[in-house]
Structure formats: structure tokens, C-alpha cells
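Novice: Per our numbering, the sequence shown starts with residue 652, numbered consecutively.
Backbone N, C-alpha and C fix where the C-beta goes; we use that ideal spot for every residue, glycine too.
Supplied in C-alpha cells, the structure appears directly below.
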Amino acid sequence: MENISMLSLFLFLTLIATGNETMMKRVMAVECIEERQVSICDACNLVCRVAHFLTTATGRCYSEKGDPDIVRCFCFYQCD
Numbered sequence: 652m653e654n655i656s657m658l659s660l661f662l663f664l665t666l667i668a669t670g671n672e673t674m675m676k677r678v679m680a681v682e683c684i685e686e687r688q689v690s691i692c693d694a695c696n697l698v699c700r701v702a703h704f705l706t707t708a709t710g711r712c713y714s715e716k717g718d719p720d721i722v723r724c725f726c727f728y729q730c731d
């Protein structure tokens, strides 16, 4: 019975320590935003992934309300 209690305590403390480490990584990670030139919104995500291939970059595209030909592509990626 005592061995089970010690094992449970060890697993619980390990879980807490691992959770805190993961949380610290999330807090320390800073997201950068960069605007890229694209002609169509469909290319935005691909352009961002190629430009920042070492990170998990994602692209979000927005078009102007008055003029759908004007698109703005923003890349979101983790800063170093």
C-alpha cells in the first residue's frame, strides 16, 4: 500500500512539473506578425509557410471592403 502511495505521489509531482514547464514555454513564446505581398488570398497561407519554413507559420488574408482586388496577407509565426 505504501509503495502505491509513493508511486502516486511521484506521478502527481511529475505531472505538475511537466505542466509548469509546458506552460512556461507557452508564456515565453512570442508571436510575430508580418505583412506579405500577394495578389490573391488563396496564396497567402502558402507564401507564409515558405517564408517561415522553420516555424509553424500561418497566413491570414483580408481584402478591402470597397475594393476586393486589394488584399492584405499577414503571416503569424513564433519569434525566436
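Can you give me the Cβ contacts of C683 inside the same chain, cut-off strictly under 6 Å, excluding the 5 residues immediately before and after it?
Specialist: Excluding positions up to five away in sequence, the list reads Y728, C730.
Novice: By Cβ distance below 6 Å, which residues in the same chain neighbour C726 in space, the five residues on each side in sequence not counted?
Specialist: Counting only Cβ-Cβ distances below 6 Å, and skipping sequence neighbours, we find E685, R687, C699, A708, G710.
Novice: Could you check what DSSP says for V722 in three-state terms: helix, strand or coil?
Specialist: Three-state result, V722: strand.
Novice: Is C699 near the ligand NAD, judged by its Cβ being under 7 Å from some heavy atom?
Specialist: Among the ligands in the structure shown, none appear at all, so the ligand NAD cannot be discussed.
Novice: Starting from C699 and walking both ways along the beta strand (DSSP E), at which residues does that stretch end?
Specialist: C699 -> not in any beta strand (DSSP E); alpha helix (DSSP H) instead, spanning 695 to 702.
Novice: Grouping DSSP H, G and I as helix and E and B as strand, with all else coil, what is C683?
Specialist: Reduced to three states, the DSSP call for C683 is strand.
Novice: I need the straight-line Cα distance from K676 to T706, nearest angstrom please.
Specialist: At K676 the pLDDT is 46, less than 50, meaning the model places this residue with poor confidence; the figure from the coordinates comes in the next sentence. The straight-line gap from Cα to Cα measures roughly 15 Å.
Novice: Could you give the first and the last residue of the continuous beta strand (DSSP E) run that contains C712?
Specialist: That run of the beta strand (DSSP E) goes 709 to 714.
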